[in-house]
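When we follow the numbering used here, the leftmost residue of the sequence shown carries the number 10, and every step to the right adds one.
I have placed the structure first, in the form of structure tokens, so that the comments after it can refer back to it.
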Amino acid sequence: MKTKTFDCVEMKHRGAEQLKEKIERLTVQQELTFWAERSNELKQRQSSAKAHREPPRDMPLKAPA
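Here's what the structure looks like:
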């Protein structure tokens, strides 16, 4: 029998607890600013990842002219 070395649910709970600790003392305006900044960071990471992603092998790089 395998010994479990990684627990996804436990990791999710730890992350949620850390987030709760970060935002529990913020005012409503500070929390809105926090989430706006985090959303912008995520959009930038997604754009960067998309720009560096290789196209699927079965998809042509450019459409025929």
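Heads up, the beta-carbon is just placed ideally off N, CA and C, and yes, glycines get one too.
Once DSSP output is grouped into helix, strand and coil, what is the label at residue 35? coil
Residue 56 versus residue 42: straight-line alpha-carbon distance, rounded: Looking at the two C-alpha atoms, the distance is approximately 21 Å.
If distances are taken between C-alpha atoms only, which option among 12, 47, 13 comes closest to residue 28? 47
Could you check what DSSP says for residue 154 in three-state terms: helix, strand or coil? Beyond the ends of the chain as shown, which are 10 and 74, falls residue 154; an answer cannot be given.
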